[in-house]
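Some notes on the structure that comes next.
Protein chains in written order, with the UniProt record's numbering: chain V, 1 to 269; chain C, 1 to 317.
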C-alpha cells in the first residue's frame, strides 16, 4: 500500500496560505483560456476603439500633453485588475461558504484556518492575477507604442497589484457578508462599476463635477491610475507617489482586518 | 495525567451554546482507537454540533474536550491534520475533476504532489471510482460523490474519520455501496465516528453509540446492549385500517396487560414483548382483530422511541 506522508504539524501561516492558494491555481487551470480574452483581446479592442478612434477627436492639451492612447493605457492596465477582482472576489467567495461547492468549508476541515483560507485567496487575487494577466495587458499595449517612459512602464503592473491589494479584501469582506446570492450584484453596482468609471482612466478626474470629487479620491483605481500613469508617461501624479501608495496600503490593511473578522465569523461555528 | 493513546476523543461535561440556545448540554463520552462510534439522534439533537467541536471548527463554551490528547482550542490545526472529515454536503469542488479534488485536498495536508497522486489513485480504486478519475465532479451521481468525499477524507491517512450523516439523501443501492466501503474501512482498523438519524445505519456500522436528544446523551452502549437494556426482544406492530393518532391511543388503552409495554404511534401500535406468539394469542383471546400484524425483533428505532417518547416519561414517573 502506498504511503502518503502527510504533515502532522500545524503549517506556518505562509505554508498554509500557499496550500490554500493552490486550489485557486487548480481552478485557474480550467479557465485560463477565458482570461486570454480579458488580458489579450480586450485591451486591443479598447485601444483601437477608444484609444485611437475616440482619441482622434481629443486634443492632447486636454490630457496633459499626451496622446489619448498614451493617456488611457496605464489606466487600462489597472482597471483590468479591478475587472478581474469582480470575477475572483465576489461569486467564488460567496460560494466558498455554502451553495456552490463550499470550498472554504472543505479547507476548514483540514489544518488550514479561516485566516489561511483568506490569505490563500488573496494571494491569488492580489499577486498571481495582476502579475500574470496585467503583465500580459501591459505587453499587448506596448505594441501600440503608448509608453513614453521606457522600462519604468513595467511599474504600471505594480500599481495594478496595489489596486488589487486595496480592493480585494474589501470585496472579500462584502461577499462574505451577503447571505442571499441574489444580492451579490450590489457589489458590482455599488463598487466595481462606479470604481471603473470614476477613476480618471478615460478622462482627467479633475474634469468631474466637484461633488463627485470625493468619490474619485476614495477610489483605489484612481490612486492606482495616477501611479501607473507616472510609470508609463512620467506624468507627475496628483499627490506625491508615497501618498497614493500610503492610501492604497491603508485600504489594504484595514480591508484585510475586516475580511479576517468576517471569515472568522463565518468559519468558526 | 498522561494521555492514553488508545483514547482518541474524551469529552467531559462538554457544552456549546449559541446565545441563549444551548445546543449541547453537558455530554460525556470517550472514543477509543479502532472502534466505530456513533451519535444517534433526531435533527437538532446536538450531534452535528458535537462533531464540529471534535473536528475543531467550533469552540466549546463549557466543559472539557481532548482529541488525540490535545486541546482543540490551542492545537486545532495539529488535530485536524490527523482527522478525516466527510461533511454531509460533500463540499467537493464541482469544477475540478475527481482526481484533482483528491490531489488538491492532499495539498492542504502538505502532501507532496507525487505522493498525493499515488494516494489519490489508490483511494479511487478503494471507492471504485478509478474509471471516473478524469470526469468533473458535477457529472457524478450523489452516491459517487459521497464515495469520493469518503476517499478524500482518507487522503491524509487519518487516525479518526468523521462522517456526518454519511448516507442521507442517497437511494438504497447507493447507501449499501457506501456502507460496504465503510465496513471495509472498519476491517482495515480505521477508527470511525459518525452521526446518523438512520437507526439501521447505526445498528450495522457502530460498535458503540450514544443516543442524543435535546443536547444530552440519554443512553450509550453497543447496539445490542441498548436494545437489551431498553426494550424487549421482540415487537409486534398492529395496524387498524385507517385508524390513526387519537383512535390508536384509545385502542392502545384496551391492550393493557398484553406484552411488556404498549406504544401508540400515529399510524400503528407497538407491543413490546419477549414472546410474539404469546402476544398474538393474547390478542386473539381478547378478540382484538388488527388489519395487519407484524412480529419482528426489536431494533434501535424502538430504543429511540422508548427513550425519547412518552414511554420514557412514564417510566420516570
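All residues carry an ideal CB built from backbone N, CA and C; glycine is no exception. Every value quoted in this text rests on a predicted model; they were computed, and no experiment measured them.
C-beta atoms of residue i and residue j nearer than 8 Å
i: residue 227/V; j: residue 164/V; result: no
i: residue 25/C; j: residue 10/C; result: no
i: residue 237/C; j: residue 294/C; result: yes
i: residue 218/C; j: residue 298/C; result: no
i: residue 96/C; j: residue 26/V; result: yes
i: residue 156/V; j: residue 255/V; result: no
i: residue 190/V; j: residue 219/V; result: no
i: residue 105/V; j: residue 91/C; result: yes
i: residue 180/C; j: residue 300/C; result: no
i: residue 208/C; j: residue 35/C; result: yes
i: residue 75/V; j: residue 67/V; result: no
i: residue 272/C; j: residue 235/C; result: yes
i: residue 123/C; j: residue 133/C; result: no
i: residue 81/V; j: residue 43/V; result: no
i: residue 290/C; j: residue 216/C; result: no
i: residue 73/V; j: residue 127/V; result: no
i: residue 144/V; j: residue 83/V; result: no
i: residue 164/C; j: residue 86/C; result: yes
i: residue 77/C; j: residue 11/V; result: yes
i: residue 8/V; j: residue 82/C; result: yes
i: residue 17/V; j: residue 120/V; result: yes
Cβ of residue i within 8 Å of any chain V Cβ
i: residue 108/C; result: yes
i: residue 274/C; result: no
i: residue 77/C; result: yes
i: residue 81/C; result: yes
i: residue 150/C; result: no
i: residue 192/C; result: no
i: residue 315/C; result: Bear in mind that the predicted position of residue 315/C carries a pLDDT of just 38, short of 50, making it unreliable; the figure below should be weighed with that in mind. So, not an interface residue.
Chain-ordered chain C contacts of residue i [CB-CB under 8 Å]
i: residue 27/V; result: 93, 95, 96
i: residue 22/V; result: 104, 107
i: residue 30/V; result: 95, 96
Chain-ordered neighbours of residue i on chain C, where CB pairs are closer than 7 Å
i: residue 269/V; result: 52, 57, 58
i: residue 102/V; result: 89, 91
Identity of the residues DSSP links to residue i by a beta bridge
i: residue 295/C; result: 236/C
i: residue 162/C; result: 85/C, 193/C
i: residue 212/C; result: 217/C
i: residue 171/V; result: Per DSSP, none; premise fails for residue 171/V.
i: residue 68/C; result: DSSP output for residue 68/C lists no bridge partner at all.
i: residue 38/C; result: 194/C, 209/C
i: residue 16/C; result: 24/C
i: residue 108/C; result: Paired residues: none, contrary to the question.
i: residue 247/C; result: Its beta-bridge partners do not exist; DSSP assigns none.
i: residue 97/C; result: 136/C
Chain V contact residues for residue i, given Cβ-Cβ distances below 8 Å
i: residue 43/C; result: Simply none; closest approach about 16 Å.
Cutoff 8 Å: residue i Cβ touching any chain C Cβ
i: residue 11/V; result: yes
i: residue 181/V; result: no
i: residue 7/V; result: yes
i: residue 34/V; result: no
i: residue 110/V; result: yes
i: residue 107/V; result: yes
i: residue 15/V; result: yes
i: residue 19/V; result: yes
i: residue 113/V; result: yes
Listed by chain order, chain B residues near residue i by CB distance under 8 Å
i: residue 266/C; result: Checking the listed chains, one finds no chain B in this structure; the protein chains it contains are V and C.
Burial state of residue i (16 or more Cβ within 10 Å)
i: residue 21/C; result: exposed
i: residue 65/V; result: exposed
i: residue 224/C; result: exposed
i: residue 250/C; result: exposed
i: residue 253/V; result: exposed
i: residue 314/C; result: Reliability fails at residue 314/C, whose pLDDT of 37 lies under 50, so the model's placement of it is uncertain and the value that follows must be treated cautiously. Classification for residue 314/C: exposed.
i: residue 21/V; result: buried
i: residue 169/V; result: buried
i: residue 124/V; result: buried
i: residue 42/C; result: exposed
i: residue 229/V; result: buried
Interface residues of chain V facing residue i [CB-CB closer than 7 Å]
i: residue 100/C; result: 26
i: residue 85/C; result: 109
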